[in-house]
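Just so you know, we're using the working numbering here: the sequence shown kicks off at 2 and counts up by one.
I have placed the structure first, in the form of structure tokens, so that the comments after it can refer back to it.
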Amino acid sequence: MTNEVTLSPESRELITQLSAIDSSLTFANATQIDKKKLYTWLEQNSKIASDNPAFFLITSLRASLLKDIHKSLNPGLPEEETPKGGMSAKTKYALLALAGTVYFGCEGFDGITAFMGIFSSIPTIALFVAGTLFSVLSMVVFYSFDLVEVSKNLGIKSTDTKKLVDVLLDEVKQIQAVRMRLAKTVQKTKEEYEEDLQIAKMLLQRYKDLEQIRTDLTSAANNPYLQAAKYVTAAVAGILFFSGGFFAGQTVALAIAGLFVTTMAATAWPIVVAGVAVGLAALSVYWFVERPGIENLISRWRGLDKKKIDKLCKAETVKKETEELEELITSITFKINLLEQHDSDQLKIKSLEKEVAELKAQKEAALLQAEEAQGIVSSLTSELEALKEQQVNLESPKQEDHVVSDSIKVTQPLHLSKDDNELSPRQRYSLFKSASTGHLLDLGKTSTLENSI
């Protein structure tokens with residue numbers, strides 16, 4: 002994901018126009034702009050007073066920039082190309098516009114004058130004025146509905162100037178498009194999720210800031226004078242449809258009556274009843290099919306198209322979009338928390354792995370020391386066994402050489418005590434020393450002590 006957003010020609014043009022009004026409200030004109038700088042500008046200009054001279058331009062620029070952001074989130078997505086009509090399409094459009102003008106103008110004029118002609122007391126000038134008025138009205142209806150569809154089918158771009166409601170609706174569409182793009186399940190880094198979270202919060206704040214504009218547009222659409230104009234226009238158009246149906250029914254009734262009678266006046270009550278019946282049928286079709294569009298015609302002239310107002314201001318639509326934006330923020334926040342928890346767990350795992358490695362190293366060192374100590378113990382044990390064997394081997398011959406048959410040779414005579422014939426301390430010590438070596442030394446040179454002393 003790049004750190005810059007490529008600006009479309011439309012955005013650059015709007016930036017240029019906005020800079021001419023107030024350069025402090027926009028950034029330098031360039032083909033690309035840093036994302037953080039762009040997000041900061043959108044957040045700072047999220048709420049602009051409707052009486053601000055640059056309000057319309059800022060709103061238009063915001064919608065265009067959101068479109069650029071959406072494109073940056075879909076770098077490989079091809080742009081939708083609007084089919085463009087060539088010279089042939091433009092020629093067809095001009096001819097159809099001319100044909101429609103002539104046809105609907107004549108139909109409007111003929112319908113009202115024929116209906117009013119039933120009443121003989123109406124002057125000719127009144128018929129002409131009414132016919133002209135209805136002729137113009139019929140052409141206006143054609144231009145507002147049928148000609149628009151013709152231009153769409155031929156790929157001819159409409160030359161209508163964008164209204165505020167169009168710009169706001171475009172902005173809302175871009176908010177929805179960016180939201181749906183961010184909601185797609187794609188594996189991203191923590192930094193990318195944080196950027197998505199910033200965008201989602203910006204979108205939610207902007208969508209909430211549109212509430213005042215929605216209130217103003219709803220109030221304007223419900224203006225009593227505008228409502229009265231709608232009803233008058235709908236009634237006049239209804240008269241046109243009724244008159245067309247009336248005279249169609251009258252013509253058919255006269256043709257059928259001619260099969261049974263020779264002459265029948267157009268004002269005869271059976272003919273009039275048939276005409277009224279067909280006229281009411283035409284009026285009912287108009288009332289439930291065409292009337293909503295006719296009523297909306299005046300609103301469209303005022304830049305308050307009912308369909309667009311409903312998409313922008315309908316309470317259920319606003320509530321649903323707000324909840325989806327909030328849900329998106331919650332989802333992205335949850336993913337960020339998961340990544341943070343994952344990173345924390347990874348750090349703990351690495352720390353534990355390091356401790357385990359250190360403990361294993363200590364264990365191996367201890368095992369080596371134990372092996373060395375075991376070797377030393379084994380060596381000392383072997384030496385000890387060897388010394389014991391050597392000592393046994395040395396002691397065995399001595400014991401065999403010094404064994405005598407119950408006789409002790411006294412080299413010096415014993416000196417008994419004069420008092421009670423007991424040995425003196427010195428004699429006892431000499432006797433003990435001589436006995437421990439197997440010889441009784443210094444007890445006498447020729448005396449022999451048999452069996453015991």
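Ideal Cβ positions, reconstructed from N, Cα and C, are used throughout, including at glycine.
Return helix, strand or coil for residue i, following the three-state DSSP convention.
{"i": "aspartate 35", "result": "strand"}
{"i": "threonine 264", "result": "coil"}
{"i": "threonine 382", "result": "helix"}
{"i": "valine 187", "result": "coil"}
{"i": "serine 47", "result": "coil"}
{"i": "isoleucine 126", "result": "helix"}
{"i": "proline 271", "result": "helix"}
{"i": "isoleucine 16", "result": "helix"}
{"i": "glycine 259", "result": "coil"}
{"i": "arginine 303", "result": "coil"}
{"i": "isoleucine 54", "result": "Sequence check: residue 54 is proline here, not isoleucine. In this structure, proline 54 counts as coil in the three-state DSSP scheme."}
{"i": "leucine 211", "result": "coil"}
{"i": "serine 121", "result": "coil"}
{"i": "lysine 312", "result": "helix"}
{"i": "lysine 164", "result": "coil"}
{"i": "asparagine 297", "result": "helix"}
{"i": "asparagine 223", "result": "coil"}
Roughly how many angstroms separate the alpha carbons of residue i and residue j, rounded to a whole number?
{"i": "methionine 88", "j": "valine 151", "result": "15 Å"}
{"i": "serine 20", "j": "leucine 169", "result": "21 Å"}
{"i": "glycine 132", "j": "serine 61", "result": "43 Å"}
{"i": "phenylalanine 243", "j": "alanine 283", "result": "6 Å"}
{"i": "glutamate 5", "j": "glutamate 324", "result": "29 Å"}
{"i": "leucine 298", "j": "threonine 102", "result": "17 Å"}
{"i": "tyrosine 94", "j": "phenylalanine 143", "result": "13 Å"}
{"i": "asparagine 154", "j": "alanine 100", "result": "17 Å"}
{"i": "serine 345", "j": "leucine 339", "result": "10 Å"}
{"i": "glycine 276", "j": "lysine 320", "result": "50 Å"}
{"i": "isoleucine 350", "j": "threonine 219", "result": "59 Å"}
{"i": "lysine 364", "j": "glutamine 342", "result": "32 Å"}
{"i": "serine 285", "j": "tyrosine 232", "result": "16 Å"}
{"i": "glutamate 327", "j": "tyrosine 226", "result": "39 Å"}
{"i": "serine 12", "j": "proline 293", "result": "36 Å"}
Anyone know if the C-beta pair for residue i and residue j falls short of 7 Å?
{"i": "alanine 230", "j": "leucine 305", "result": "no"}
{"i": "glutamine 33", "j": "threonine 7", "result": "yes"}
{"i": "glutamine 213", "j": "alanine 64", "result": "no"}
{"i": "isoleucine 333", "j": "tyrosine 208", "result": "no"}
{"i": "serine 136", "j": "glycine 106", "result": "yes"}
{"i": "methionine 265", "j": "alanine 258", "result": "yes"}
{"i": "alanine 238", "j": "glutamate 296", "result": "no"}
{"i": "methionine 117", "j": "leucine 134", "result": "no"}
{"i": "serine 47", "j": "aspartate 210", "result": "yes"}
{"i": "phenylalanine 248", "j": "alanine 98", "result": "no"}
{"i": "serine 300", "j": "lysine 307", "result": "yes"}
{"i": "histidine 71", "j": "alanine 184", "result": "no"}
{"i": "arginine 215", "j": "cysteine 314", "result": "yes"}
When you compare the CB of residue i with every CB in chain B, is at least one pair closer than 7 Å?
{"i": "tryptophan 288", "result": "Absent from the structure is chain B; it holds one protein chain and no more."}
Which residues share a DSSP beta bridge with residue i?
{"i": "threonine 7", "result": "Gln33"}
Whole alpha helix (DSSP H) elements within the segment 64-118, 4-residue minimum: List check, alpha helix (DSSP H) in window: 88-117.
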